[in-house]
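Trainee:
Chains as they are written, first to last, in this note's numbering: chain A, 172 to 511; chain B, 172 to 511.
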């Protein structure tokens with residue numbers, strides 16, 4: 172009986188109030204880890220430590236078995252569901268699934284937008300990041316992690332041309348849409364990243380597709396490559412790919428013939444020409460898109476300034492016009508028959 | 172208009188179907204970071220790395236500014252709301268907020284239970300863990316992290332007396348309620364922990380209480396001490412404390428006079444006497460409870476085996492009878508006027 176209630180509610184609310192059927196009913200929510208394996212370590216010295224103030228000392232033996240290389244996934248299933256498939260949201264490098272949640276300025280983000288639009292949402296923390304956990308290095312991971320500085324994020328993400336430690340001395344991009352007063356709150360989302368974990372991360376994403384697919388995959392930045400390869404690895408299960416400023420893309424070539432049945436949307440923000448990293452990165456996805464189109468693929472590339480939307484940086488989903496961009500994505504999904 | 176819809180839905184469903192008013196309507200959800208500060212590092216060498224397969228090399232300069240010591244909080248607000256206050260759920264050591272979510276065996280956990288019971292839920296990842304991120308050591312954190320082994324968890328959490336690498340060779344606790352076939356999935360939730368971060372973690376929890384309180388706080392294991400001290404630091408904002416197998420507690424003494432107006436529930440599972448760690452730890456909270464009671468405090472201690480509930484281990488919220496324990500907590504909150 173309970174399962175019927177939300178459907179009734181949506182109908183009642185639409186009939187009584189004349190509003191579009193917003194999915195505010197939560198049919199189900201939860202989380203899981205996917206992928207990973209057991210590894211064993213031995214030969215490390217045993218020590219004693221106090222872990223909790225006021226508690227007795229604990230013997231620490233680092234030798235033993237660990238689970239590694241899993242990823243974390245959290246899902247929110249709305250009712251009524253208007254989308255054909257679950258929407259998987261894959262964050263970029265040095266970040267977590269928080270990318271898609273409430274924006275640093277406290278406003279609703281892409282997760283809220285697409286949940287309310289009736290998409291079952293699966294937001295992940297990739298291997299090594301956030302709730303996916305990370306493993307000892309160099310014994311398990313091969314390298315030490317990299318910690319992104321605020322200066323790097325400010326400049327490479329095209330939030331502004333000049334970073335300063337003192338927020339009042341930072342220069343923002345003219346006409347930029349990042350809520351710069353919330354930049355330090357954004358920096359609280361940064362997590363360390365490794366350069367040596369691409370293979371295990373791809374495997375975990377592939378395992379997620381097998382578990383949750385068929386699905387629509389939305390990727391950002393570093394996850395672009397993981398998304399494109401997930402589609403190559405399971406073209407029957409990836410039903411569409413939405414790539415926001417993807418860093419890297421598969422090289423043009425016959426492999427791309429496997430992707431021609433998968434609608435793809437690639438979105439680039441503004442001021443690419445101001446930041447050498449993106450001047451180098453953008454051509455990978457543009458060449459990929461051109462080759463895939465030439466092979467009969469269904470690819471749309473939107474460079475936002477070319478359609479009159481200016482001021483977007485690398486973190487488009489956090490910009491003040493994020494609802495506008497989400498709406499553009501939602502409209503594309505409607506045109507592709509992926510949602511109502 | 173939209174804000175009215177969920178209330179109507181709950182009423183309609185209760186009237187039409189005669190079911191209790193389950194909170195299945197999601198009024199709001201989101202996340203934020205709280206606490207933390209900026210630190211600057213200098214003097215490290217600059218290198219070049221390829222971060223994303225197929226992408227151009229990136230120059231890595233580790234010197235600069237970072238946000239550190241923040242914690243992460245995710246909230247789900249049900250409608251109708253039946254609780255007086257938000258319910259803050261604080262996980263134990265070497266774990267994250269995933270503790271409270273879907274159980275390792277895939278069944279709904281405490282988060283689902285209390286959300287459906289009408290509590291606004293605030294689940295956090297403490298400083299250094301999960302989506303809270305962690306900072307460079309030894310430059311910022313003072314020590315190296317500790318990685319919990321599966322053997323330590325199996326034995327110290329009283330899941331069983333004998334751990335083995337091969338799951339089929341592990342000995343479970345006789346009559347134990349942990350879903351042992353899901354133990355390796357549970358181990359995917361483990362995150363590294365530091366011994367030197369108690370102070371910064373307490374500060375972040377205190378900041379959370381100031382931001383979200385007045386609130387009811389539910390703590391597990393290591394978070395016991397953080398919860399007790401959060402109550403000492405803001406006795407006007409912590410409206411009740413539910414401590415599940417708290418590791419450590421404040422020493423008896425006049426300080427506890429500040430806590431006499433805060434209803435407290437302390438829960439201990441089964442087989443304490445089989446594991447030396449808990450034989451040492453349990454008396455801290457029992458002495459705390461006795462002293463607080465003597466000072467006129469409102470403390471209830473439930474040792475589950477003494478009320479006929481046997482087989483619970485340290486991870487009570489993951490046990491097969493977790494709904495029974497959640498129900499016991501919910502009943503206590505009703506008796507204290509904290510929820511309807």
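Every residue gets a Cβ at the ideal spot worked out from N, C-alpha and C, and that includes glycine.
Quantities reported herein were computed from a predicted structural model and do not represent experimental measurements.
Could you work out which residue in A/393, A/436, A/219 and A/272 is closest to residue 369 of chain A when comparing CA atoms only?
Mentor: Working through the first chain from its first residue, we reach residue 369 of chain A at position 198. Checking every option, the nearest Cα to that of residue 369 of chain A belongs to A/393.
Trainee: Could you tell me the distance, in whole angstroms, from the CA atom of residue 508 of chain A to the CA atom of residue 385 of chain B?
Mentor: Here residue 508 of chain A refers to the residue found at position 337 when the first chain is read from its first residue. Here residue 385 of chain B refers to the residue found at position 214 when the second chain is read from its first residue. Each residue's Cα considered, the two are about 46 Å apart.
Trainee: Give the secondary structure of residue 261 of chain A by DSSP, where H, G and I count as helix, E and B as strand, and everything else as coil.
Mentor: Translated into the one-based positions of the first chain, residue 261 of chain A becomes position 90. The answer is strand: DSSP assigns residue 261 of chain A an E or B state.
Trainee: Which same chain residues, not among the five before or five after residue 380 of chain B, have their C-beta less than 6 Å away from its C-beta?
Mentor: In the second chain, the residue the question calls residue 380 of chain B occupies position 209. Around residue 380 of chain B: 401, 405 and 408.
Trainee: Is residue 330 of chain B helix, strand or coil by DSSP?
Mentor: What you label residue 330 of chain B is simply residue 159 of the second chain in a count that begins at 1. Note: residue 330 of chain B maps to coil in three-state DSSP.
Trainee: DSSP three-state call for residue 504 of chain A: helix, strand or coil?
Mentor: Walking along the first chain from the start, residue 504 of chain A turns up at place 333. DSSP places residue 504 of chain A in helix when its eight states are reduced to three.
Trainee: Can you name the residues of chain A whose CB is closer than 8 Å to the CB of residue 320 of chain B?
Mentor: To locate residue 320 of chain B, count along the second chain from 1; it is residue 149. Those within 8 Å of residue 320 of chain B in chain A are 232, 233, 234, 235, 236 and 237.
Trainee: May I have the straight-line CA-CA distance separating residue 502 of chain A from residue 494 of chain A, to the nearest angstrom?
Mentor: Position 331 of the first chain, counted from the start, is the residue given in the question as residue 502 of chain A. Position 323 of the first chain, counted from the start, is the residue given in the question as residue 494 of chain A. Near 12 Å, if we compare the C-alpha coordinates of residue 494 of chain A and residue 502 of chain A.
Trainee: Short of 7 Å in beta carbon distance, which residues of its chain neighbour residue 467 of chain A, apart from the five on each side in sequence? Order them along the chain.
Mentor: Mapped onto the first chain, residue 467 of chain A falls at position 296. If we look at residue 467 of chain A and ignore the five residues flanking it on each side, its Cβ neighbours are 431.
Trainee: Suppose only complete runs of 4+ residues qualify. What are the alpha helix (DSSP H) ranges in the region 260-345 of chain A, listed by chain order?
Mentor: Fully enclosed alpha helix (DSSP H) runs of 4 or longer: 281-287 and 321-327.
Trainee: Rounding to the nearest angstrom, what Cα-Cα distance links residue 234 of chain B and residue 389 of chain A in this structure?
Mentor: Indexing the second chain from 1 puts residue 234 of chain B at position 63. Indexing the first chain from 1 puts residue 389 of chain A at position 218. Rounded to the nearest angstrom, the two C-alpha atoms are 32 Å apart.
Trainee: Within the same chain, show all residues whose beta-carbon is closer than 8 Å to that of residue 177 of chain A, passing over the 5 residues directly before and after it, in chain order.
Mentor: Walking along the first chain from the start, residue 177 of chain A turns up at place 6. Annotation note: pLDDT 41 at residue 177 of chain A (below 50); position unreliable, no value reported.
Trainee: Can you list the residues of chain D that residue 202 of chain B reaches, using a CB-CB cut of under 7 Å?
Mentor: Absence of chain D from the displayed structure is noted, the protein chains being A and B.
Trainee: Work out the CA separation of residue 289 of chain A and residue 191 of chain A for me, nearest whole Å.
Mentor: For the purposes of this step, residue 191 of chain A is identified with residue 20 of the first chain, where counting begins at 1. For the purposes of this step, residue 289 of chain A is identified with residue 118 of the first chain, where counting begins at 1. Since pLDDT at residue 191 of chain A reaches only 42, below the 50 mark, its modelled position is unreliable, and the value read off the structure follows with that caveat. Those two C-alpha atoms are separated by around 11 Å.
Trainee: Taking just the CA atoms, how far does residue 461 of chain A sit from residue 415 of chain A?
Mentor: As a first step, residue 415 of chain A is located in the first chain; it is residue number 244 there, counting from the start. As a first step, residue 461 of chain A is located in the first chain; it is residue number 290 there, counting from the start. So the alpha carbons of these two residues sit roughly 17 Å apart.
Trainee: Under DSSP, the beta strand (DSSP E) around residue 112 of chain A begins and ends at which residues?
Mentor: With chain A covering only 172 through 511, there is no way to say anything about residue 112 of chain A.
Trainee: For residue 365 of chain B, does the three-state DSSP call read helix, strand or coil?
Mentor: Residue 365 of chain B sits at position 194 when you count from the first residue of the second chain. The answer is coil: DSSP assigns residue 365 of chain B none of H, G, I, E or B.
Trainee: Do residue 397 of chain B and residue 420 of chain B come within 9 Å of each other at the CB atom, strictly closer than that value?
Mentor: In the second chain, residue 420 of chain B corresponds to position 249, counting from 1. In the second chain, residue 397 of chain B corresponds to position 226, counting from 1. No; because the gap between Cβ atoms is not below 9 Å, this pair is not in contact.
Trainee: Over what stretch of residues does the alpha helix (DSSP H) that includes residue 453 of chain A continue unbroken?
Mentor: If you number the first chain from 1, residue 453 of chain A lands on position 282. Note, residue 453 of chain A: alpha helix (DSSP H), 447-465.
Trainee: Determine which residues share a DSSP beta bridge with residue 208 of chain B and list them.
Mentor: In the second chain, the residue the question calls residue 208 of chain B occupies position 37. DSSP lists B/239 as partners of residue 208 of chain B.
Trainee: Give a yes or no on whether 9 Å exceeds the smallest Cβ distance from residue 363 of chain A to chain B.
Mentor: Here residue 363 of chain A corresponds to residue number 192 of the first chain, with the count starting at 1. Yes, residue 363 of chain A lies at the interface with chain B (some Cβ there is under 9 Å from its Cβ).
Trainee: Are any of the Cβ atoms in chain A nearer than 9 Å to that of residue 444 of chain B?
Mentor: Locating residue 444 of chain B in the second chain gives position 273, where the first residue counts as 1. Residue 444 of chain B does not count as touching chain A.
Trainee: Please check if any C-beta of chain A sits within less than 9 Å of the C-beta of residue 211 of chain B.
Mentor: For the purposes of this step, residue 211 of chain B is taken as the residue at position 40 of the second chain. Chain A, which has a Cβ nearer than 9 Å to the Cβ of residue 211 of chain B, makes this yes.
Trainee: Short of 7 Å in beta carbon distance, which residues of its chain neighbour residue 215 of chain A, apart from the five on each side in sequence? Order them along the chain.
Mentor: If you number the first chain from 1, residue 215 of chain A lands on position 44. Closer than 7 Å at the Cβ level, and outside the excluded window around residue 215 of chain A, lie 233 and 234.
Trainee: Sort A/236, A/257, A/253 and A/247 by Cα distance to residue 382 of chain A and report the nearest one.
Mentor: Reading the first chain from its first residue, position 211 is the one you call residue 382 of chain A. Per the Cα distances, A/257.
Trainee: In three-state DSSP terms, what is residue 403 of chain A?
Mentor: As a first step, residue 403 of chain A must be located in the first chain, where it is residue number 232. In this structure, residue 403 of chain A counts as helix in the three-state DSSP scheme.
Trainee: Any idea what DSSP makes of residue 370 of chain B, helix, strand or coil?
Mentor: The residue given as residue 370 of chain B occupies position 199 in the second chain. Three-state DSSP puts residue 370 of chain B in a helix.
Trainee: Between the region 288-308 of chain A and the region 318-334 of chain A, can you find at least three pairs of beta-carbon atoms closer than 8 Å?
Mentor: No, they do not touch.
Trainee: Terminal residues of the continuous beta strand (DSSP E) containing residue 414 of chain A?
Mentor: As a position in the first chain, residue 414 of chain A is number 243, starting the count at 1. Taken as a continuous stretch (DSSP letters only), the beta strand (DSSP E) holding residue 414 of chain A covers 409-415.
Trainee: Mapping the DSSP letters down to three states, classify residue 477 of chain A as helix, strand or coil.
Mentor: Here residue 477 of chain A corresponds to residue number 306 of the first chain, with the count starting at 1. The answer is helix: DSSP assigns residue 477 of chain A an H, G or I state.
Trainee: Beta strand (DSSP E) containing residue 386 of chain B: first to last residue?
Mentor: The residue labelled residue 386 of chain B in the question sits at position 215 within the second chain. Unbroken beta strand (DSSP E) run through residue 386 of chain B: 386-391.
Trainee: Which partner residues of residue 510 of chain A appear in the DSSP bridge assignment?
Mentor: In the first chain, counting from the first residue as 1, residue 510 of chain A sits at position 339. Per DSSP, A/254.
Trainee: Any C-beta of chain B sitting closer than 9 Å to the C-beta of residue 491 of chain A?
Mentor: In the first chain, the residue the question calls residue 491 of chain A occupies position 320. So, not an interface residue.
Trainee: State whether the region 267-281 of chain A contacts the region 349-357 of chain A, with contact taken as three or more CB pairs (one from each stretch) at a distance under 8 Å.
Mentor: They touch, by the three-pair rule.
Trainee: Provide the residue span of the alpha helix (DSSP H) that contains residue 358 of chain A, from first to last.
Mentor: The residue labelled residue 358 of chain A in the question sits at position 187 within the first chain. Note, residue 358 of chain A: alpha helix (DSSP H), 354-358.
Trainee: Closer than 9 Å, CB to CB, is residue 247 of chain A near chain B or not?
Mentor: Start at 1 with the first residue of the first chain, and residue 247 of chain A comes out as number 76. With 9 Å as the cut-off, residue 247 of chain A counts as an interface residue toward chain B.
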